[in-house]
Amino acid sequence: MTAGTVLAPLQWGRLGRAALLATALNGWPGAASAQTAMSPNPAAPPGSTVVEQGEYLARAGDCIACHTQPGGKLFAGGRAMPTPFGTLYTSNITPDPGTGIGKWSADAFYGMMHTGRSPDGGLLYPAMPFGAYTKVTRADSDAIFAYLRQVQPVQAANRPHDLRFPYNNRSLILGWRTLYFQEGTYAPDAAKSEDWNRGAYLVQGLGHCAMCHTAINSLGGSSESAAFQGGLIPMQNWYAPSLTSNKEAGLGDWSIADISGLLRDGVSHRGAVYGPMAEVVYNSLQHMTDADTRAMSIYLKSLAEGSPPAPQPRVVRAEEGSLLMRLGRSVYDGQCASCHGAQGAGAPPHYPLLAGNQSIQMNSAVNPIRMVLNGGYPPGTAGNPMPYGMPPFAQTLSDDEVAAVVTYIRAAWGNHGAAVTARQANELRAAPLD
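FYI, numbering that gives the first Met the number 0 numbers position 90 of the sequence shown as 89, with every residue one higher than the one before it.
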């Protein structure tokens with residue numbers, strides 16, 4: 000969540016709500032994951048005070064992910080957000096009267112959330128997810144503002160954005176808004192259950208999940224008709240899978256319990272989260288109430304229910320198989336089988352299965368390649384405080400070996416993923432790690 004005239008959680012690479020990776024190339028046990036530090040007291044569920052409700056809602060919106068620098072003061076902003084158009088810097092949303100939002104009114108704050116304009120009427124860059132926050136109710140906006148009013152004030156001037164011409168001309172945002180912004184509070188669907196509507200409100204609004212799980216075009220916009228259909232997150236080089244297709248990260252054939260477990264704990268018997276999504280779970284989702292986690296699960300499951308089978312990706316050709324598969328199996332047997340099993344069955348939830356894993360077989364091989372190269376941990380959560388992680392292999396495997404083992408994982412045991420090239424592996428060696 001953001002505020003001010005120098006706002007910036009990324010439309011094209013938000014640190015938080017990114018790839019829902021039920022992919023899970025896990026390896027070895029480790030300590031709690033190294034994520035952004037949070038305040039010691041978890042957010043209270045909606046309770047007796049407006050401030051408690053606001054703290055909970057600010058967690059639901061994952062405000063800390065963008066407005067707090069690693070090791071920095073809470074909500075003091077200043078975090079650099081690289082974009083294809085230049086670098087944005089997040090704003091100070093503490094109640095400091097000189098450099099934060101201390102002089103703002105609740106009306107001004109709601110106006111920013113609902114309309115994407117600062118108190119002086121200035122246009123906010125769409126890096127601020129006002130396209131999602133416009134759905135937030137006035138009551139919830141007021142509660143978040145009440146909470147932010149009582150956090151520790153920090154005197155920290157907002158840093159000017161560093162955008163290339165012509166993107167540094169804010170008047171161009173008028174055109175962007177005409178194409179991509181539709182103002183309006185969430186309207187419940189009378190044909191759906193109360194839980195479904197609560198989940199839709201959280202996912203579409205404060206959660207702003209579509210910002211990553213919807214493909215972004217060259218103008219930094221996305222199509223409503225393509226909502227939640229997945230796409231590569233620019234600058235971060237993670238693939239946020241489609242939530243509408245059971246062949247990617249769609250959850251239509253998952254149980255509500257497994258979806259809830261994934262959101263709350265970061266792991267379930269069906270998969271685990273890694274990459275940017277791990278930070279979302281750590282900072283935000285693990286603090287949601289069971290009722291809200293269930294509601295989100297019901298809504299997310301509905302997005303993919305009844306989805307037609309996706310066309311099968313191109314399988315590895317015989318001539319490729321004789322080379323790639325042979326080398327890939329050799330690498331797998333030596334480096335991976337001890338955790339994931341000779342037949343890819345794993346030992347969920349700590350060592351996720353690879354055989355039949357839908358996220359392994361997606362058309363995009365970005366996520367499994369990155370996991371082999373860089374490794375990673377699911378988040379350390381109350382439900383999984385000592386997550387098992389996967390070691391990086393970038394230093395020990397060549398591009399050919401990375402391509403071979405990922406190809407093997409995508410095509411063995413009845414999987415139907417396409418082959419991966421050494422060039423793809425090499426290109427992702429330069430991907431940012433934070």
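Cβ atoms here follow ideal geometry from the backbone N, Cα and C, with glycine treated the same way.
C-alpha distance - A79 paired with G85, whole-angstrom precision:
In the sequence shown, counting from the first residue as 1, residue 79 sits at position 80. In the sequence shown, counting from the first residue as 1, residue 85 sits at position 86. A79 and G85: Cα-Cα distance of roughly 10 Å.
Our contact map puts P209 next to S221 with C-beta atoms below 8 Å; I'd like the distance itself, whole angstroms only.
Walking along the sequence shown from the start, residue 209 turns up at place 210. Walking along the sequence shown from the start, residue 221 turns up at place 222. Here the sequence assigns Ala to residue 209, which means Pro is not the residue at that position. Confirmed, Cβ separation roughly 7 Å.
Mind checking whether T98 and Q149 have CB atoms under 8 Å apart?
As a working note, residue 98 is residue 99 in the sequence shown. As a working note, residue 149 is residue 150 in the sequence shown. No, the pair does not count as a contact, with Cβ atoms beyond the cut-off.
Between the C-alpha atoms of V135 and L205, what's the straight-line distance to the nearest angstrom?
If you number the sequence shown from 1, residue 135 lands on position 136. If you number the sequence shown from 1, residue 205 lands on position 206. V135 and L205: Cα-Cα distance of roughly 7 Å.
Between which residues of its own chain and T89 is the CB-CB distance below 6 Å, once the five residues before and five after are set aside?
Reading the sequence shown from its first residue, position 90 is the one you call residue 89. So the qualifying residues of the chain are A7, C65, H66, G76, R78.
Apply the 10 Å Cβ neighbour rule to N216 and answer buried if 16 or more other Cβ atoms are within range, or exposed otherwise.
Numbered from 1 along the sequence shown, position 217 holds the residue referred to as residue 216. Under this definition N216 is an exposed residue.
How many Å lie between G345 and P351 at the Cα?
By one-based count along the sequence shown, residue 345 stands at place 346. By one-based count along the sequence shown, residue 351 stands at place 352. For G345 and P351, the distance between alpha carbons rounds to 5 Å.
Let's see if you can read the secondary structure: which residues bound the alpha helix (DSSP H) around W448?
The requested residue 448 is not part of the displayed model; the chain covers only 0 to 433.
Within the chosen definition, does the segment 184 to 195 reach the segment 91 to 107 through at least 3 CB pairs nearer than 8 Å?
no
Three-state secondary structure (DSSP) at W175?
Translated into the one-based positions of the sequence shown, residue 175 becomes position 176. In this structure, DSSP gives W175 a helical state, which the three-state scheme calls helix.
Rounded to whole angstroms, what's the CA-CA distance from H286 to S329? Just pull it up for me.
Counting from 1 along the sequence shown, the entry for residue 286 is found at position 287. Counting from 1 along the sequence shown, the entry for residue 329 is found at position 330. Roughly 42 Å separates the two Cα atoms.
Residues in the same chain with beta-carbon distance under 8 Å from K300, minus the five sequence neighbours each way, listed in chain order, please.
In the sequence shown, counting from the first residue as 1, residue 300 sits at position 301. Correct list, in chain order: L250, G251, W253, I255, I258.
From which residue to which residue does the alpha helix (DSSP H) around M295 run?
Start at 1 with the first residue of the sequence shown, and residue 295 comes out as number 296. Note, M295: alpha helix (DSSP H), 289 to 303.
Check whether M295 and G198 have beta carbons under 8 Å apart:
The residue labelled residue 295 in the question sits at position 296 within the sequence shown. The residue labelled residue 198 in the question sits at position 199 within the sequence shown. Against a cut-off of 8 Å, the Cβ pair of G198 and M295 comes out as a contact.
Compare the beta carbon distance of L56 and A145 with 8 Å and say whether it is the shorter of the two.
As a first step, residue 56 is located in the sequence shown; it is residue number 57 there, counting from the start. As a first step, residue 145 is located in the sequence shown; it is residue number 146 there, counting from the start. No, Cβ-Cβ distance for L56 and A145 is not below 8 Å.
Tell me which residues share the same chain as T213 and place their Cβ nearer than 7 Å to its Cβ, disregarding the 5 neighbours each side in the sequence.
Locating residue 213 in the sequence shown gives position 214, where the first residue counts as 1. Within the same chain, T213 has close Cβ partners S221, A225, A226, F227, Q228, G230.
Going by Cα to Cα distance, which pick from Q151, G340, Y124, G355 is closest to R176?
Within the sequence shown, numbered from 1, the residue matching residue 176 stands at position 177. Comparing Cα positions, the closest option is Y124.
Among A424, G416, P386, Y132, which has the Cα closest to the Cα of Q394?
In the sequence shown, counting from the first residue as 1, residue 394 sits at position 395. Q394 has its Cα closest to that of A424, out of A424, G416, P386, Y132.
In whole angstroms, what is the alpha-carbon distance linking V365 and E51?
Along the sequence shown, one-based indexing puts residue 365 at 366. Along the sequence shown, one-based indexing puts residue 51 at 52. V365 and E51: Cα-Cα distance of roughly 40 Å.
Helix, strand or coil for R263 per DSSP?
Walking along the sequence shown from the start, residue 263 turns up at place 264. DSSP places R263 in helix when its eight states are reduced to three.
Straight-line CA distance for G53 to L147?
Here residue 53 is taken as the residue at index 54 of the sequence shown, counted from 1. Here residue 147 is taken as the residue at index 148 of the sequence shown, counted from 1. One Cα belongs to G53, the other to L147, and the distance between them is close to 8 Å.
Which residues in the same chain have their Cβ closer than 6 Å to the Cβ of T380, if we skip the five residues on either side of it in sequence?
Position 381 of the sequence shown holds residue 380. Taken in chain order, the residues that qualify are D264, G265, Q285.
Simplified DSSP state of P81, which is helix, strand or coil
Here residue 81 corresponds to residue number 82 of the sequence shown, with the count starting at 1. P81: strand per DSSP, three-state reduction.
If you draw a straight line from the alpha carbon of P96 to that of P152, how long is it in whole angstroms?
In the sequence shown, the residue the question calls residue 96 occupies position 97. In the sequence shown, the residue the question calls residue 152 occupies position 153. In a straight line, the C-alpha of P96 is about 8 Å away from that of P152.
Determine the extent of the alpha helix (DSSP H) in which I63 is found, giving its start and end residues.
Locating residue 63 in the sequence shown gives position 64, where the first residue counts as 1. Run containing I63: 62 to 66, per the alpha helix (DSSP H) assignment.
I'd like to confirm the pairing. Which residues does DSSP put opposite L439 in its beta bridges?
Nothing can be reported for residue 439, as the shown portion of the chain is limited to 0 through 433.
With I232 as the anchor, note down where its beta strand (DSSP E) starts and where it stops.
By 1-based counting over the sequence shown, the position of residue 232 is 233. Where I232 is concerned, the enclosing beta strand (DSSP E) stretches over 230 to 232.
Three-way DSSP call (helix, strand, coil) for R428 in this model:
Locating residue 428 in the sequence shown gives position 429, counting from the first residue. In the structure shown, R428 sits in coil (DSSP, three-state: anything other than H, G, I, E or B).
Going straight from the alpha carbon of T420 to that of R158, what length do you get?
Position 421 of the sequence shown, counting from 1, holds the residue named residue 420. Position 159 of the sequence shown, counting from 1, holds the residue named residue 158. Roughly 41 Å between the two C-alpha positions.
Residues that A271 bridges to, as DSSP identifies them:
Stepping through the sequence shown from its first residue, residue 271 is reached at position 272. V266.
How far does the alpha helix (DSSP H) with W195 in it reach, from first residue to last?
Taking the first residue of the sequence shown as 1, we reach residue 195 at position 196. Taken as a continuous stretch (DSSP letters only), the alpha helix (DSSP H) holding W195 covers 193 to 200.
Determine the burial state of A189: buried for a count of at least 16 other Cβ atoms within 10 Å of its Cβ, exposed for fewer.
For the purposes of this step, residue 189 is taken as the residue at position 190 of the sequence shown. It counts as exposed.
Per-residue DSSP class, three states only, for R163:
Your numbering for residue 163 matches position 164 in the sequence shown. In the structure shown, R163 sits in coil (DSSP, three-state: anything other than H, G, I, E or B).
On the CB-based measure, 16 or more other CB atoms within 10 Å of its CB, does R269 come out buried or exposed?
Taking the first residue of the sequence shown as position 1, residue 269 is located at position 270. With 16 or more Cβ atoms within 10 Å of its Cβ, R269 is classed as buried.
For G29, which residues from the same chain have a beta carbon less than 8 Å from its beta carbon, with the 5 sequence-adjacent residues on both sides left out?
In the sequence shown, counting from the first residue as 1, residue 29 sits at position 30. Legend: pLDDT at G29 = 37, less than 50; position of this residue unreliable, value from coordinates given subsequently. Hits under 8 Å: Y376, M385, P386, Y387, G388.
Confirm, please, whether the CB-CB distance from P378 to V280 is below 8 Å.
By 1-based counting over the sequence shown, the position of residue 280 is 281. By 1-based counting over the sequence shown, the position of residue 378 is 379. Contact: yes.
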